[in-house]
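Residue numbers (the working numbering), protein chains in the order written: chain H, 110 to 410; chain P, 5 to 217.
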């Protein structure tokens with residue numbers, strides 16, 4: 110029970126901190142002081158106290174979009190084990206639910222964007238869905254590899270299985286870790302794919318879909334975005350370090366440290382790379398897909 | 005040990021795809037030099053008891069492929085003032101897919117080969133075949149002289165990986181000779197590139213066939 114409580118608390122409270130770490134890292138590389146570490150918490154609190162402006166063309170979907178997206182991502186977060194402790198919800202085949210909860214989140218985000226009736230937001234929705242076509246199969250290939258390595262169809266067991274020292278153990282995991290990292294960057298609209306700070310209209314993907322949301326709805330969207338980074342980051346962290354120390358009291362601090370390290374890594378990638386041209390993004394995602402596919406091929410050959 | 009070896013080889017495969025997928029010649033050179041340096045580590049990982057020839061080959065490979073050759077090429081690139089492969093013969097996405105198909109083919113093909121039992125679990129053979137294929141694809145589909153040099157380098161990396169299978173029985177002089185050939189070849193090509201660039205406006209290999217004395 111205690112571990113479930115810690116799990117839920119971590120899931121709900123920690124995500125905005127990751128974005129703070131990323132921003133601090135970017136500021137460090139740029140030689141700036143940067144926003145405070147807790148800036149996103151302040152932003153969300155500020156937005157929560159504001160009113161909402163709704164366009165006449167929108168329907169209930171516009172409001173339901175961010176809320177259901179948040180619910181879907183939280184549910185996905187309950188399926189992923191943090192550290193060595195079992196996730197709160199586990200059952201055989203929950204990897205499918207995990208992948209499609211993200212699918213549902215994406216569907217509602219894009220539908221809410223289309224609901225505004227703005228052609229500009231429709232463009233963003235089209236881009237989001239196009240790129241998802243590449244990243245979703247990559248995630249499934251990664252899960253196939255994990256299922257094959259661990260011999261289990263439960264997300265908790267798949268992610269916590271310590272890799273035996275067999276010959277084929279580590280090579281596929283390296284491949285899917287590379288693939289999943291690219292997917293993490295793409296899904297969370299980080300720099301090589303999409304710049305979360307940009308408002309250069311022709312190249313936006315995610316930002317363009319949430320332009321019309323305001324007040325609490327925008328706060329929910331910002332929070333969901335950080336939550337998404339947290340959940341996908343937890344999956345990637347498990348792939349990178351399949352077996353932790355087995356002492357319980359060290360496990361949570363190690364997990365938190367690992368997540369912060371991952372955030373620093375994302376910040377470094379964002380600092381040293383420029384964002385890709387829009388037409389080059391599919392190359393990167395195909396690369397991730399191929400990388401995960403090779404991991405699978407290596408295992409089954 | 006095999007885990008580390010396979011890890012290195014998998015990263016080599018990823019670098020293959022990266023060098024196929026980028027249009028910036030600078031990035032390709034960096035990728036290939038990282039690949040060469042990684043390959044230099046392999047002898048330390050493969051053998052429990054290191055022999056002097058193996059260490060010598062490894063150090064030479066790291067120094068030449070990882071440091072010297074990339075420096076020469078970056079220098080030539082700066083002199084020639086080109087930045088990217090404008091129009092490869094087939095686009096970047098098709099060439100990534102071609103490379104992926106070649107890699108998949110070599111992974112499947114290598115498992116059919118009758119290998120010595122100590123090589124079966126390792127990825128040495130498929131990686132070497134895939135890297136040679138990648139080198140071929142780069143050599144064939146790119147027009148800039150410098151990118152073709154990179155293709156040649158990738159090709160040699162593939163052959164080097166294959167040589168790792170035989171490193172205990174192969175004379176040192178063969179491997180060092182190959183490295184020297186490679187070094188001189190690239191040295192000469194980079195100088196020639198430079199001179200061509202000074203004398204003519206273009207370094208497109210399609211036009212180089214019309215060069216006369």
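Just so you know, even glycine gets a beta-carbon here, dropped at the ideal spot from N, CA and C.
Rounded to whole angstroms, the separation of the alpha carbons of residue 55 of chain P and residue 47 of chain P is 10 Å. Taking a Cβ-Cβ threshold of 7 Å, the residues of chain P close to residue 279 of chain H are 7, 10, 11, in chain order. In the structure shown, residue 69 of chain P falls within a helical segment according to DSSP collapsed to helix, strand and coil.
With respect to residue 150 of chain P, residue 203 of chain P sits apart: the two C-beta atoms are not nearer than 9 Å.
For residue 25 of chain P, the C-beta contacts it makes with chain H under 7 Å involve 392, 396, in order along the chain.
Residue environment for residue 118 of chain H: exposed (fewer than 16 other C-beta atoms within 10 angstroms of its C-beta). In chain order, 18 make up the part of chain P whose C-beta sits under 7 Å from the C-beta of residue 400 of chain H. Collapsing the DSSP output to three states places residue 236 of chain H in a helix. Residue range 169-188 is occupied by the alpha helix (DSSP H) that includes residue 178 of chain H. Apart from the 5 residues on each side of it in sequence, residue 230 of chain H sits with its Cβ closer than 8 Å to the Cβ of 222, 223, 317, 318, 320, 321 in its chain, given in chain order. With contacts defined as CB atoms closer than 9 Å, residue 107 of chain P and residue 180 of chain P fail to qualify as a contacting pair. Within the same chain, and ignoring the five residues on either side of residue 314 of chain H in sequence, the residues whose Cβ sits closer than 8 Å to its Cβ are 233, 236, 237, 240, 298, 302, 303. Within chain P, the C-beta atoms nearer than 8 Å to that of residue 406 of chain H come from 108, 111, 112, in chain order.
Close to residue 385 of chain H, with beta-carbon spacing below 9 Å, lies no residue of chain P; the smallest spacing is near 10 Å. Residues are counted here when their Cβ sits less than 7 Å from a Cβ of chain H; for the segment 113-136 of chain P these are 115, 125, 127, given in chain order. Not a single CB atom of chain H sits nearer than 9 Å to the CB of residue 176 of chain P. Runs of the alpha helix (DSSP H) lying entirely within the segment 61-139 of chain P, each at least 4 residues long, are 73-84, 96-116 in chain order. A residue is called buried when at least 16 other Cβ atoms come within 10 angstroms of its Cβ; residue 200 of chain H does not meet this threshold and is exposed. In the structure shown, the three-state DSSP call for residue 148 of chain P is strand. Secondary structure of residue 360 of chain H (DSSP, three-state): helix. Listed in chain order, the positions of the segment 77-100 of chain P with a beta carbon within less than 7 Å of a beta carbon of chain H are 96, 97, 100. In this structure, DSSP gives residue 303 of chain H a state outside helix and strand, which the three-state scheme calls coil.
Taking 9 Å as the CB threshold, residue 104 of chain P lines the interface with chain H. Taking CB atoms only, residue 191 of chain H has no neighbour in chain P less than 9 Å away.
Using a Cβ-Cβ cut-off of 8 Å, residue 21 of chain P is close to 396, 399, 400 of chain H, given in chain order.
Less than 9 Å separates the beta-carbon of residue 170 of chain H from that of residue 217 of chain H.
DSSP places residue 212 of chain H inside the alpha helix (DSSP H), whose first and last residues are 203-224. Assignment of residue 6 of chain P by DSSP, reduced to helix, strand and coil, places it in the helix class. For residue 210 of chain P, the three-state secondary structure derived from DSSP is helix.
Within the segment 279-302 of chain H, those residues whose Cβ lies closer than 7 Å to any Cβ of chain P are, in chain order, 279, 280, 283, 284, 287. Chain-order list of chain H residues neighbouring residue 15 of chain P: 283, by C-beta distance under 8 Å.
Secondary structure note for residue 298 of chain H: it is in no alpha helix (DSSP H), with a DSSP letter that is neither H nor E.
Residue 323 of chain H places its beta carbon less than 9 Å from that of residue 162 of chain H. At a cut-off of 9 Å, the C-beta of residue 410 of chain H has a neighbouring C-beta in chain P. DSSP places residue 55 of chain P outside any alpha helix (DSSP H), giving it a letter other than H or E.
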